[in-house]
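Under mature numbering (1 follows the signal peptide of the UniProt record, and there is no 0), the letters of the sequence shown match residues -19 to -1, 1 to 275, in that order.
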Amino acid sequence: MKKIFLMLAVAFSVVTVYAQRYDSYQHNGEIGASIGLANYFGDLNPNEKFNRMKFSGGVYYQYYINNYFGLRASGNYARLGYSDIYSSNPTYKERNLSFNTDIWELSVAGTFNFFRFLPGIKEYRFTPYVTAGIGIFNYNPYTYLNVDGTDQKVYLRPLGTEGQNSTTEHDGKKYGSMAVAIPLGVGVKYALNENWNVFAEVNYRLTTTDYIDDVSSTYAGAQAFQANTYKGSTRDLWYASQLQDRSAVANDGTAIGTKGYQRGNGTGKDSYMTFQIGVSFNLNGYKCPPPSKN
């Protein structure tokens, strides 16, 4: 009988110590960094192919409200780009447009862990999670134009390739260099120990712009790129006239970009996606026991 009482006392002590440790442990937040790939979807990639992904990376700080819910502030970079030469559609190949752009994004988001996540407790060191938020990003699409045998990098927004600089088109309104993003993501996270986690996350961004790729609506026509109708420098006028319609290069000198002919889709906004893996450092703490009452 004494042995039974002794065993029960030991078991009770172990459970009590574990419960006290569990109750006192706090996972306050984490800071992390990640790298991976980014993919663009839009007028040059309407079928949402994943065949031309480029580099992405980011950093974040996350504050935990409790073991399930958190608030995250993030900064992300992504290189996006595509070209009609990758398309299997002959109409897109004939169009012959291309672009690249650097995305610089700031966002805030809420996160939800499906499982209780406590890196200091072995039983609670893994969880899948979802995240949703809102952000802003800067973009500036560019392409390359061969001039006298040399490929020159040319930024497209200042040129108004769909007639934004024309006195007869768009009322002279250019699209902006900033837009809103709605990031929606899923991921999994695993605590290696009390201090360090590893994670993998996929994030899809809806955006408020159709000009990440500088392509949206219709061709403005050659008349929009004449000296008497173009508001801009002579240099920009020359670049714009060359880059607003690249079809002649792919079609033995025959251009398709007549005024009103479809250049982009125009019915939806561009979007992009990131696939990242990363590490994070936990900001842990322990609750102080309540003061004893005398």
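C-beta: ideal position from N, C-alpha, C; glycine also.
Between residue 169 and residue 109, the alpha-carbon positions lie close to 4 angstroms from each other. Partner residues in the beta bridge of residue 38, as assigned by DSSP, are 16 and 58. When C-beta atoms of the region 152 to 162 are compared with those of the region 177 to 192, three or more pairs fall below 8 angstroms, so the two segments count as touching. Boundaries of the alpha helix (DSSP H) harbouring residue 73: 71 to 76, taken from the DSSP string. In this model, residue 71 and residue 264 are separated by some 54 angstroms (Cα to Cα). In terms of Cβ geometry, residue 163 and residue 15 do not form a close pair [threshold 8 angstroms]. Between the region 219 to 239 and the region 9 to 24, the count of Cβ pairs shorter than 8 angstroms is below three; the stretches do not touch. Boundaries of the beta strand (DSSP E) around residue 167: 159 to 172.
Taken through DSSP and simplified to helix, strand or coil, residue 207 comes out as coil. Residue pairing for residue 87: DSSP places it in a beta bridge opposite 56 and 117. Classified as exposed, residue 262 has fewer than 16 neighbouring CB atoms from the shown chains inside 10 Å of its CB. The Cβ atoms of residue 19 and residue 59 sit closer than 8 angstroms to each other.
The Cβ neighbour count for residue 180, taken over all protein chains shown within 10 Å, is at least 16; the residue is labelled buried. Pairing residue 80 with residue 195 gives a Cβ-Cβ distance under 8 angstroms.
Take residue 229, set aside five residues on each side of it, and the residues of its chain with a beta-carbon closer than 7 angstroms to its own are 235 and 236, in chain order. Taking C-alpha positions only, residue 211 is separated from residue 171 by approximately 57 angstroms. Note that the region 98 to 113 does not touch the region 207 to 222; fewer than 3 beta-carbon pairs, one per stretch, sit closer than 8 angstroms. Assigned with DSSP and collapsed to three states, residue 104 falls in helix. In the DSSP assignment, residue 23 forms a beta bridge with 26. Residue 84 places its beta carbon 8 angstroms or farther from that of residue 136.
In this structure, 165 is the residue among 61, 68 and 165 with its C-alpha nearest to the C-alpha of residue 88.
When C-alpha distances from residue 27 are compared across 116, 255, 244 and 82, the shortest belongs to 244.
Beta-bridge annotation (DSSP): residue 260 is paired with 14 and 179. A direct Cα-Cα distance of roughly 44 angstroms separates residue 25 from residue 8.
Bounds of the beta strand (DSSP E) holding residue 133 are 131 to 136.
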